[in-house]
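Okay, so here's the structure we're looking at.
2 protein chains.
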Amino acid sequence: MFDVLLAHIQEKVTLSATDVAVLKSFFIPKKLRKRQYVLQEGDVCKYLLFVEKGLLRMYHVDEKGTEHMIQFAWEGWWMADTYSFLSGDVSEYNIDATEDAELLMITLENFEALLLQAPVMERYFRILFQNNIISKEKRLVNTISYSAEEKYTRMAAANPQLLQRIPQNLIASYLGITPETLSRIRKKLMKSK
Amino acid sequence: MFDVLLAHIQEKVTLSATDVAVLKSFFIPKKLRKRQYVLQEGDVCKYLLFVEKGLLRMYHVDEKGTEHMIQFAWEGWWMADTYSFLSGDVSEYNIDATEDAELLMITLENFEALLLQAPVMERYFRILFQNNIISKEKRLVNTISYSAEEKYTRMAAANPQLLQRIPQNLIASYLGITPETLSRIRKKLMKSK
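Chains as they are written, first to last, in my numbering: chain A, 1 to 193; chain B, 1 to 193.
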């Protein structure tokens, strides 16, 4: 159950046997069926989630009822509404399973206790958050500066796995374009290959 | 010269006298006149910058020559093209001074040495990056989901100081709208007060 998590952490820092025991004591395992929720808009995001298996999506629903994909997460990825998780304010997001999933979840209280009891995790999360900032910066520039076709091409280059695994309508929403526009772009790119 | 930096760090963690000495040894002070650059597109972002005094902006110039504001930073803020700084790849961004500025700069080599010699800084940067992720998430939702007027209203509520200090054309660029649209929104909001 902890295989993917421990491997992911040990790519970045060295864990002692005590660190591993501390880690295991703080996480709650949870299985999720496709379409089940772990977070609904209006609730507080009580857990930081790690995906051991499966695929999650986080999205926002605007006043017109349109879904806007914020993030996807599969094996080896963390997910949370970071703001709601840390502040205790209610979330504007939803998180549900796009495929059956096995998760490891940690509460804010236990996240803070973990960092005190296993300080090596400060370094792990510093590196993790650092990498997250990089990808968010890249996405922001994509969103502001590029055409729909350029956005898709850049995403395809950065995350080939994402395009195979995630339904087209969710990818369109992630890029902030309509499914019809995405379909037109894909046809055009296939022709030009 | 280190007043703002040390105060900022000590809001989040406790520094020993040794930590302070280590910190001071790793930063290079730099004064910047209005409009001077610290980073130009095509160069590697060699420094993580901390603003002791003044105001910086980071922006991207697209193929049509249009500037897109990415971030502003004044007293107590960090700034860098995080991706370029960490990877050593060339940057797509520019950073220059919107007001005369006094900076503290650290190289990647010294940033890594600092984290090893003063491990309390792992906790500081973990918290800093965590907060940065929250604000980036909020901005992304703003960019994707809201109208120009909603974007401006949310920004005004979150950063009242920003609106007073930063020229209107840069705020418009930050929001991804034209200066004319921003001017129209501001007039409408003033009337409705």
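Glycine included, each C-beta is placed from N, C-alpha and C at the ideal position.
Check	Outcome
Neighbour list for Lys138(A) in chain B, Cβ cutoff strictly below 8 Å	Tyr83
Minimum C-alpha distance to Thr82(A) - residue among Phe111(B), Glu102(B), Gly42(B), Ser135(B)	Ser135(B)
Within-9 Å CB hit, Glu122(A) to chain B	yes
Among Tyr59(B), Tyr174(B), Met190(B), Phe2(B), the one whose alpha carbon lies nearest that of Gly76(B)	Phe2(B)
Reduced DSSP secondary structure (H/G/I, E/B, other) of Asp81(B)	coil
C-alpha distance - Pro167(A) paired with Ser173(A), whole-angstrom precision	10 Å
Limits of the unbroken alpha helix (DSSP H) element including Met69(B)	Met69(B) -> not in any alpha helix (DSSP H); beta strand (DSSP E) instead, spanning 67-74.
Contact list for the segment 53-69 of chain A against chain B, Cβ threshold 7 Å	His60, Asp62, His68
Cβ of Leu39(B) within 9 Å of any chain A Cβ	no
Terminal residues of the beta strand (DSSP E) in which Asn94(B) lies	93-107
Whole-angstrom distance between His8(B) and Trp78(B), CA atom to CA atom	10 Å
contact_flag[the segment 6-20 of chain B, the segment 105-120 of chain B] where n(CB pairs < 8 Å) is 3 or more	yes
At least 3 beta-carbon pairs within less than 8 Å: the segment 96-104 of chain B vs the segment 93-113 of chain A	no
Closest Cα partner of Val44(A) within the set Ile28(A), Ala158(A), Glu92(A), Ser25(A)	Glu92(A)
Any chain B beta carbon closer than 9 Å to Ile134(A)	yes
Leu48(A) and Phe72(A) closer than 9 Å at C-beta	no
Contacting residues, own chain, Cβ-Cβ under 8 Å from Leu162(B) (five flanking each side not counted)	Phe72, Met155, Ile171
Alpha carbon of Asp62(A) to alpha carbon of Arg126(A), nearest angstrom	32 Å
Top-ranked residue by Cα proximity to Lys24(B), from Leu39(B), Gln36(B), Leu86(B), Val4(B)	Val4(B)
Among Phe27(A), Lys151(A), Glu109(A), Ala80(A), nearest to Asn132(A) - alpha-carbon criterion	Ala80(A)
Bridge-paired residues (DSSP) for Val61(B)	Glu67(B)
Within 9 Å, strictly: CB atoms of Lys46(A) and Phe85(A)	yes
Endpoints, alpha helix (DSSP H) assigned at Leu175(B)	168-175
Listed by chain order, chain B residues near Phe125(A) by CB distance under 7 Å	Arg126
Buried versus exposed call for Tyr37(A) [16 or more other C-beta atoms within 10 Å across all chains shown]	exposed
Alpha carbon of Leu189(A) to alpha carbon of Gly176(A), nearest angstrom	19 Å
Among Phe50(A), Glu41(A), Ile70(A), Gln10(A), nearest to Leu103(A) - alpha-carbon criterion	Phe50(A)
Nearest-angstrom Cα separation, counted from Thr18(B) out to Ile70(A)	42 Å
Proximity test, Cβ basis, 9 Å: Gln130(A) and chain B	yes
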